Each structure stands twice: as C-alpha cells, then as structure tokens.
Amino acid sequence: MALINKESVKKKMGSRIAANNFAKFLFILATSFSLLVLGVLLFRILDEGLPYLSLDFITSFASRLPERAGIWAALVGTIWIMTVTAPVSFILGVGTAIYLEEYAKKNAFTKFVQINIANLAGVPSIVFGLLGLTIFVRLAGLGSSVLAGGLTMSLLILPVIVVASQEAIRTVPKEIREASFGMGATKWQTIRRIVFPAALPGILTGTILALSRAVGETAPLLVVGALAYVAFVPENLLSSFTVLPIQLYNWTSRPQEDFHMLAASGIIILMIILLIMNSIAVYIRNKFHKRF
Amino acid sequence: MDITINKKSVQKGKEEQEVTPVFNINNLNLWYGQDHALKDIKFDIPEKQVTAIIGPSGCGKSTFIKTLNRMVEMVPIVRMSGEIIYRDKNIFDPKYGVEELRTQVGMVFQKPNPFPKSIYDNVAYGPRIHGIKNKKVLDEVVEKSLRGAAIWDEVKDRLNENAFGLSGGQQQRLCIARCLAIEPDVILMDEPTSALDPISTLKVEELVQELKKEYSIVIVTHNMQQAARISDRTAFFLNGEVVEYTDTSTLFSNPSDKRTEDYITGRFG
Amino acid sequence: MTTDKKNQNSIRAMIKENKSRRSQSAVMEKVVPKFFMICAVISIFTTLGIVFTLLTETFTFFSRVSIVEFFTNTHWFPFTADDNADYGILALVMGTLTVTAIAMVVAIPVGLAAAIYLSEYASAKTRKFIKPILEVLAGIPTIVYGFFALTFVTPVLDSIIPGGISIFNALSPGIVVGIMIIPMIASLSEDAMNAVPNSMREGAMALGATRFEVAMKVVLPAALSGVIASFVLGISRAIGETMIVTIAGGSRPTADINITESIQTMTAYIVQVSQGDTGYGTTIYYSIYAVGMTLFVFTLIMNLLAQFISRKFREEY
Ligand SMILES: Nc1ncnc2c1ncn2[C@@H]1O[C@H](COP(=O)(O)OP(=O)(O)OP(=O)(O)O)[C@@H](O)[C@H]1O
Ligand SMILES: [Mg+2]
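Protein chains in written order, with the numbering used here: chain A, 717 to 1008; chain B, 145 to 413; chain C, 3 to 319.
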C-alpha cells in the first residue's frame, strides 16, 4: 500500500500552483505600487512646477507676489549651510572612522562609541534641531545663524559619514598595510599614504550621499530658527538665513494655488540638485569599484 | 649572556670561511595566547648568503621570519621571550624603534601586495616615507630598484600606470623592487613564489641569486628543490623547533636527524 | 658596480640622515591619534548633549507645569493665558500614533511584499531595475512628500471618501509617511531574506514546494527577526517624521481621533512653536523640550528594541 496517495497530491498540485501564481501577482503589484507612486509624484511636480520655472525664478528673492517670487536667497542659504556642514562633518566623521578602525583597541569604550553612533543615526532629525537650538544658538551665543545651522546639520549627518567611512576603510586589505609597515612606515604614514587614499572613493560616496540628505532636511533648521521669508543673502557665518526646503515649506503652507505652483518649481530645482549630487556619488562608486 | 658566538665561523661548503652573522637568535620563544609556536630557537643568520627555512605547514616558519622584523607583533595576543641580536643590537630593546629595524630588514610577502598606486609610486614609496623628496634622486632610485628586481625592461614605458595592471609574477618582482628601494641590509621572503607560475618562479629564483651579492636573504619555502637550488644554508623547522640547521648541500645529501630525512624524502609533511 | 655601490651608500646615508626628522614625525604619531579620538568623543558628546539639553529644559518645564497633568490631561492647548493652558501630552501622542499606525498599515504589507518579490521571484535584471527606484524613493526629501500629501493625496481622498475629508487630516500624511517608509522596510527585509542560505531553499524546492511555499514556510521564518526589526525601525522613523505631518496633518491636537479630521503630532507641535514668535523663557518655549523628550524616548525604545530583536534572535546558519 502506498503511503502517499499520488492522486491526491496531483489534485492538490493545481491549487498550490494557482496560489503561487496569485501570490506572485500580488507581490508584483505591491512592487509596482512604488513605481507608480514615484511616477505620479514626478508627474505632479513637473506638471505644477514647470510653468513658473525660469531663470528669473532662480535669481529672484522671495516676494508676496507669486509671479515675482524666486529662490535666490534660499539657494544661496543652502550653499552657505553646506560650506559649514561639508568640512565639519567630513573631518569629524572620517576622523572618528579612522580612530575606530585603525587606532581603537577592542575594549568597552570602543564598543560604547560604536553603539552610540548606531543609536544617534536613529534619533529624529527634529531632536537634533532642539540640540542645536540650546547648544549653538543659545549657549554658544551664535544666534539663528548660518554657523549654528551648519553645525547642527553636521551632527545630524555625522553617524552616516562615520559608518560609510568605516566600511570603506575596512575594504582596504590588510596585506597592503603590512607592506607599508614592512618598509618601516609609521602608523600615521601608513594611514595617510595608503589606507586613506585607498578608502577615499568609498568615503566620498558616503559623504556626498549624507550631504544630499542634509540639503533636503527641513525640520532641524526650522527649530534652529532659520527664517521663512528672506529677501537677502547671508553675508557671513553669523548672518541669518533660509534654505531651499524651508522656502518650499513656506510656499506649500500658504493656501493660494499659485504658491503651490511655486513650491513645485522649487522642488524641481531641489530634486535636480539632489540628482546631481547622487550622480556624482554613483560615478565615484562605479569608477573606483573593486580595486582589490 | 653568550654573545661570544657573534663572530664565530660558519661552515660554508668545503672551505672554512669567516662569515659575519647579521642575526644571532638566542632562546627565542613565542606564544600565540597559550599556543607555543616557537620553542627555544637558537641560530645565526649569515651575511650575504641565502638562508632557507623549510618545514611542514604550521611549524612556525612564517612566525619565525616575522619575528625578525617584528611584524609578528601586529597580532595582539603574541608574547615573546629570548633575544634577537641584529648587528650587535637587541631588536627588542625599547630604544630600538621598529621603524628603524624595518628600514634595515625588508620583507617580501607570500602574495604580491602592491599598493593601489602607479608603478613609480610603489617603488618611490619607501624613500618618500623616509624623507627623500628630491625628484631626481627618486627617479634614480626607482630605475635602479626596478633594474635590480629584473623588471625594468618590462615596465619602463608604463611607470605611471597602476601596479594592479601587472601580472602576478611582475607584481611580485615589483614588490621586491619596492623593498630594494630603501636599500635594506636583510631581505625576508615568505614563500615569495608560491602564488606564481613556473616561469615567474624561475625569474624570482634567479633574482635571489643575484641579490645575495648585496643583501643577506632569509627565504621561507615549501618547495625543497627551490631551497636546494638557491640557498646556502637551510634550517628545518618542526613543531616550532629547529631540528637541523646546516649548509644546504649537507642537509639534503646527508641529514643528521631522522626527522629531517623523513621530511626531505617526503615521508611526511 | 662601484658607482652602484656609491649610490647605494648614498641612499642609505640619506635615509640615516633623515632620521633627525623622525623626532618631528614622532610628535605626529602622538598627536594624530589624540585628534582622532577627540573626533570620536564628539559623537558621544552629541548624545550627551541631546540628553542633557532635553533633560534640563524639560525639568524647567515641569517646574511650571505639573508632571501629573502632563501625563493625565487629554487636552493640549498652550496658546492662551498661562493659567488656562492645557499641557496633556496624550493629545499629541495620539496624533503621532495615529499617523504611525496608518503608515505601517501601508508600509508593512507593501514593503514586505516587495522584499519577497525581490529576493524570491525577481530575476537579477528586474532587481537591477527596481532597486535604484527604491533608492530614489528613499532619497526624496520629506518636504517633497509633504507637498505631495497636501496637494495630491488629500484631494484624491476627498473625492473618494463619501462625505469628504478635511483639508488637514491624519489619513493623508499617514499614507504618505507609509510610502516614504516602504523602501526602508523593503530593503532591510530583503537583506534579511538574502542572508538565508540558498541550500535551505533548494532543500524545500527539491521536495516539490512552490516558490510561494518556500518563501512563506522556509525563507520568511528564517529571516523573521531581521524582518521584524525592519518593521520596528520603520515605526521609529514614522514617529520621528516631521514635515509630512506638519504640512498635511494640521495643528489641532486631540486625543479623540478621527482620521479624516485635523490632528497634531509631537513633531508638528515643535515646528509650530519654532515657527511662531514665542519668546525664549516662556512656558511654551520649554514645552517643546518636554515634547522632544517624549519623542526621543519613544524612538530610542524602538531603536533599542530593533537592535535587541536582530541581535537576540539572530539566526545562525
Ligand atoms: N595570528 C595567529 N594567531 C594565533 N595563532 C597563530 C597565528 N598565526 C599563526 N598561528 C599559529 O602558529 C603556528 C605556526 O604558524 P605559522 O603561520 O608560522 O606556520 P607556517 O610554518 O608558516 O605554516 P605555512 O607553511 O602553512 O605557512 C600554527 O600552529 C598557527 O596555528
Ligand atoms: Mg607561512
């Protein structure tokens, strides 16, 4: 007597395959949902934003009249913030990564730093805003300035840069470090001349992606006190400022449809900036990929 | 302490010859944690000769050669006792910096490990880290080292290309050139041909013969024919001990220890 | 040979000569690691700074508003004369949790389904096409999502839902926050499923299991901890999300939730105060830290939970 009834297995087979096909259909549907959303989102923004997009839009200051409003102050403000954030977060992030990967002993302190960085990455960005408001704006007396905003942003993206740099440093093979030490190079010489240059493409890719996140961030700078309506560009690190996302927020939260269209135009500019930054990051990643 | 062996005579071929040792190793012990990897090692390494280290896998050959330039200390769990005298100085003396030691005692690794830089920069690396910046001097050193490593003709037209574009055998000779560029006194080689094809191996072997005119060479090899072909003296390691150390022709033709004989006749290992 | 010899001596001599420089580089060897260590310590000070900032300002807040009221009052109504003000965090917490719940209803099924599709069904070519799109979605700034929620999703919902929907409501930002989180859940879950060794799949396939059965009965259970950790991280992101809910959720804190009506989340409240002309030192000023502290605790618990889940139940293959 057969233990398995072949007939019933065969009968069930049909429904099992049908279940598989149905599930596959659902999975594809879910995956396409993301594509659909992206498509609709881009279409909406282009549809609303293209009419107002012009050179004047880029070079004009904000205005109460939609047809005369532009993003110049916000664009320049974003660049100012980045000139603070980029070097500060790069030096701190790469420094931390080099310390953790090359110098730190495997002890409790190192583990603590590592866990701390992982947790910092999960802190909501608006909480970094509160940190910046207390420490930089009030305690350090910087006021709601470019410097205070840029430093706040540096701390926000620091964990991302640290983690990316650590990964990049870890891909540098131990053999070439040994070769350097074997020639009488000191630790710092080995790091500076061998490890750092070899890890640099990975570090740069991570840093640019982190900076592109900072370019799109709104909440922390709102809390730090960036202005929403600005008709001037910052003159120095202690000037008050606005940034692109805050300008967009300001337009979006007005009831008039015209301002929504302005916001859409600004979003196009913002997305183009992010696209350029990401393309550079991807280019560096691909160009220097797999060298070992 | 017995540093009396410092200038003792070393048997070489048939004729007695006065040879200065570059290394005197005395009662060297080394542990990886609890693992006793080198036991009471005691021998001298002669100047301007090729000393081969042979022995079965895991017997401590790499460990031994890496203690000579203190690279073994990069493993955190390592403990050592005993002394290694390099040209009258104890290399474990805290006053004697590892960087200085490694400037004198260069190393070529098992797998070719060029830097991800141009061929030129690879060779110029050593002089540069030791503070030589003059372009003319560097050019000269690079050419001389590449010639010394018998690879000049193959790369002279592509000095600015990335070293990763070279074949494995070329990379290994480049690594030898890189090592020569700081003109070390001793060159340590840990199975330098094990990753190479027979022709590249032959080239490196010829090169070793050439290099011993200027340098003292210690070479680890798994290949007994290679040891027999290129070395003047051979040490046979087993389980972290030196079983036998004598000149190469004696060791291979007339081993005094049964275990050496078993190993070279292929009975184990 | 003789010139060679001379040259050789000269290089050796030059290196020896440069030894004097060594003292200078020895200083670098000592200073450089200290500098890098300071960099590493700054990340710790950042955490300490956050905790310290939130704690001290929250403390000041509680010297003015009773902690009991903060946790038990169900109304949040600070913009009035000081003695009429209500500071019941529950109203803001409910807003946050409502949006988070809606977001997860969207993000978990879609994200998980996309992850299963990518790891179990899709060809390498399809994956190569889909993954960058998910990356793009993940990289879109939240301000853009907020704009999308207010100007597209809300009007669409208004025309679909019988009886309409307020211009500011919980549903629209909830859905859009969910959309924002899909890529995160999809990619983290897919990583977890990719870590399941192929031998396990092949074992089941060889017995005649369909792909669906393999996915549900073999891969998903094996990757469960990673998948659940991705949900928890998604929840944490939703709780901390600011701009989408600020733009499309409104500013009416209430514990009495109706998802078609305006609400306010903790994050939106902080933005509202930052935007207004509230002076430094007022009770309202300190209230944003009490709210921030609550927010921080919520997300910290979620992040620790996610780490705990993925560490504790890490599958050993
Ligand atoms: N980094 C390390 N940590 C712990 N133990 C080690 C380490 N390196 C080597 N050992 C141990 O020390 C012993 C000698 O190893 P070594 O690498 O010197 O052998 P070997 O003779 O070079 O072998 P092979 O011919 O395979 O290269 C072995 O038992 C090995 O397990
Ligand atoms: Mg070895």
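We treat Cβ as the ideally placed atom computed from N, Cα and C, and that holds for glycine. Please read all numbers here as calculations on a predicted model, not as lab measurements.
Residues in its own chain within less than 7 angstroms of residue i by CB, not counting five upstream and five downstream?
i, result
"Ala-813/A", "Val-878, Ser-881, Gln-882 and Ile-885"
"Thr-267/C", "Leu-94, Gly-97, Thr-98, Val-101, Val-247 and Gly-251"
"Met-207/C", "Val-216"
"Ile-169/C", "Thr-156"
"Asp-974/A", "Pro-782"
"Met-202/C", "Val-220 and Ala-224"
Around the Cβ of residue i, are there at least 16 other Cβ atoms within 10 angstroms (buried) or fewer (exposed)?
i, result
"Ala-734/A", "exposed"
"Glu-327/B", "buried"
"Asp-188/B", "buried"
"Gln-193/B", "buried"
"Met-729/A", "exposed"
"Gln-905/A", "buried"
"Ala-308/C", "buried"
"Pro-220/B", "exposed"
"Gln-369/B", "exposed"
"Met-304/C", "buried"
"Val-29/C", "exposed"
"Tyr-945/A", "exposed"
"Gln-353/B", "exposed"
"Thr-357/B", "The residue you asked about is not Thr; residue 357/B is Lys in the sequence shown. Answer is exposed; the Cβ neighbour count stays below 16."
"Pro-767/A", "exposed"
"Ile-249/C", "buried"
"Ser-153/B", "Confidence in Ser-153/B is poor, its pLDDT being 41 and thus under 50, which makes the residue's placement too unreliable to answer from."
"Asn-266/B", "buried"
Please identify the residue among the options whose C-alpha is closest to the C-alpha of residue i.
i, options, result
"Val-299/C", "Phe-38/C, Thr-60/C, Glu-19/C and Val-33/C", "Thr-60/C"
"Cys-323/B", "Thr-394/B, Asn-257/B and Thr-164/B", "Asn-257/B"
"Leu-960/A", "Leu-745/A, Ile-774/A, Ala-746/A and Lys-728/A", "Ile-774/A"
"Leu-943/A", "Asn-966/A, Gly-932/A, Leu-925/A and Ala-926/A", "Asn-966/A"
"Tyr-291/C", "Thr-55/C, Val-158/C and Met-16/C", "Thr-55/C"
"Ile-989/A", "Phe-738/A, Ser-928/A, Arg-732/A and His-976/A", "Ser-928/A"
"Val-33/C", "Tyr-819/A, Val-839/A and Glu-933/A", "Tyr-819/A"
"Gly-863/A", "Ala-901/A, Lys-1003/A and Val-940/A", "Position check: residue 863/A holds Leu in this sequence, whereas Gly was assumed. Of the candidates Ala-901/A, Lys-1003/A and Val-940/A, the one whose C-alpha sits nearest the C-alpha of Leu-863/A is Val-940/A."
"Asn-58/C", "Lys-722/A, Thr-850/A and Val-998/A", "Here residue 58/C turns out to be Thr, not Asn, going by the sequence shown. Closest by alpha carbon: Thr-850/A."
"Gly-236/C", "Lys-903/A, Pro-840/A and Phe-828/A", "Pro-840/A"
"Leu-790/A", "Val-931/A, Glu-973/A, Phe-1004/A and Glu-894/A", "It is worth fixing the name first, because residue 790/A is Ala in this sequence and not Leu. Nearest option by C-alpha distance: Val-931/A."
"Ile-295/B", "Tyr-389/B, Ile-361/B and Tyr-264/B", "Tyr-264/B"
"Ser-65/C", "Gly-294/C, Ser-27/C, Gly-283/C and Leu-302/C", "Gly-283/C"
"Gln-274/C", "Arg-254/C, Glu-122/C and Ile-261/C", "Arg-254/C"
"Val-43/C", "Gly-922/A, Val-810/A and Gly-838/A", "Val-810/A"
"Glu-388/B", "Arg-373/B, Ile-235/B and Asp-406/B", "Asp-406/B"
"Phe-233/C", "Ala-194/C, Phe-149/C, Phe-214/C and Thr-256/C", "Ala-194/C"
"Ala-914/A", "Val-888/A, Ala-895/A and Arg-893/A", "Val-888/A"
Grab me the residues of residue i's own chain with a C-beta within less than 8 angstroms of its C-beta, minus the 5 sequence neighbours each way, in chain order.
i, result
"Thr-211/B", "Leu-172, Leu-174, Leu-182, Met-224 and Ile-228"
"Arg-908/A", "none"
"Val-293/C", "Ile-91, Leu-94, Met-268, Tyr-271 and Ile-272"
Near residue i, which residues of its chain fall below 6 angstroms by C-beta distance, leaving aside the five closest residues on each side in sequence?
i, result
"Thr-5/C", "Confidence at Thr-5/C is low in this model, with a pLDDT of 42, below 50, so its placement is unreliable and no value can be given for it."
"Lys-158/B", "Per-residue confidence for Lys-158/B stands at a pLDDT of 41, beneath the threshold of 50, marking its modelled position as unreliable; the derived number appears in the next sentence. Answer for Lys-158/B: no residue qualifies."
"Arg-231/C", "Note on identity: in this sequence residue 231/C is Ala, with Arg being the wrong assignment. Excluding residues within five positions, the ones whose Cβ falls inside 6 angstroms are Ala-308, Ile-311 and Ser-312."
> Does the count of Cβ pairs from the region 771-786 of chain A and the region 843-860 of chain A closer than 8 angstroms reach three?
Replying inline: In short, these stretches do not touch, since the Cβ pair count stays below three.
> Counting pairs of beta carbons, one from the region 128-148 of chain C and one from the region 961-973 of chain A, are three or more of them closer than 8 angstroms?
Replying inline: Judged by Cβ distances under 8 angstroms, the region 128-148 of chain C makes contact with the region 961-973 of chain A, as three or more pairs qualify.
>> Closer than 8 angstroms between beta carbons: that is the criterion. Which residues of the region 897-912 of chain A meet it against chain B?
In response: Within the region 897-912 of chain A, the qualifying residues are Phe-897, Gly-898, Met-899, Gly-900, Ala-901, Thr-902, Gln-905, Arg-909 and Ile-910.
> Along the region 950-967 of chain A, what residues have a CB closer than 8 angstroms to any CB found in chain C?
Replying inline: Of all residues in the region 950-967 of chain A, Pro-961, Leu-964 and Tyr-965 have a Cβ within less than 8 angstroms of some Cβ in chain C.
>> So if I threshold CB-CB distances at 9 angstroms, which residues from the region 205-216 of chain C count as touching chain A?
In response: Only those residues of the region 205-216 of chain C whose C-beta falls short of 9 angstroms from the nearest C-beta of chain A are listed: Gly-210, Ala-211, Thr-212, Arg-213, Phe-214 and Glu-215.
> Is there contact between the region 392-404 of chain B and the region 223-236 of chain B, where contact requires at least three CB pairs shorter than 8 angstroms?
Replying inline: No, they do not touch.
> Can at least three beta-carbon pairs, one atom from the region 897-917 of chain A and one from the region 238-247 of chain B, be found at a separation below 8 angstroms?
Replying inline: For the pair of segments examined, the region 897-917 of chain A was found to touch the region 238-247 of chain B: the number of CB pairs separated by less than 8 angstroms reaches three.
> For the region 73-107 of chain C, which residues have a beta carbon sitting closer than 9 angstroms to at least one beta carbon of chain A?
Replying inline: From the region 73-107 of chain C, no residue has a Cβ closer than 9 angstroms to chain A.
>> Is it the case that the region 70-80 of chain C contacts the region 149-166 of chain C, given that we only count it when at least three CB pairs across the two stretches are under 8 angstroms?
In response: The answer is no - the region 70-80 of chain C does not touch the region 149-166 of chain C, with fewer than three Cβ pairs under 8 angstroms.
>> Three or more C-beta pairs under 8 angstroms: does that hold for the region 863-877 of chain A against the region 798-805 of chain A?
In response: Flag = yes, the region 863-877 of chain A and the region 798-805 of chain A touch.
>> By the 7 angstroms beta-carbon criterion, what residues does the region 727-751 of chain A contribute toward chain C?
In response: Residues of the region 727-751 of chain A with a C-beta less than 7 angstroms from any C-beta of chain C: Arg-732, Ile-733, Ala-735, Asn-736, Ala-739, Lys-740, Leu-742, Phe-743, Ile-744, Ala-746, Thr-747, Phe-749, Ser-750 and Leu-751, listed in chain order.
>> Beta carbons nearer than 9 angstroms to chain A: which residues of the region 317-328 of chain B have them?
In response: Result list: Cys-319, Arg-322, Cys-323, Ala-325, Ile-326 and Pro-328.
>> Under 8 angstroms, with one C-beta from each stretch per pair, do the region 311-322 of chain B and the region 286-294 of chain B reach the 3-pair mark?
In response: Because the criterion of three Cβ pairs below 8 angstroms is met, the region 311-322 of chain B and the region 286-294 of chain B touch.
> Taking a cut of 9 angstroms between CB atoms, which residues from the region 785-813 of chain A lie near chain C?
Replying inline: Under the 9 angstroms Cβ criterion, the region 785-813 of chain A contributes Ile-807, Leu-808, Gly-809, Val-810, Gly-811, Thr-812 and Ala-813.
> According to a CB-to-CB cut-off of less than 8 angstroms, which residues of the region 273-295 of chain C neighbour chain A?
Replying inline: From the region 273-295 of chain C, only Val-273, Ser-276, Gln-277, Tyr-282, Ile-290, Tyr-291 and Gly-294 have a Cβ closer than 8 angstroms to chain A.
> Can you find at least 3 beta carbon pairs, one from the region 974-983 of chain A and one from the region 945-956 of chain A, that sit closer than 8 angstroms?
Replying inline: Too few Cβ pairs lie closer than 8 angstroms, so no.
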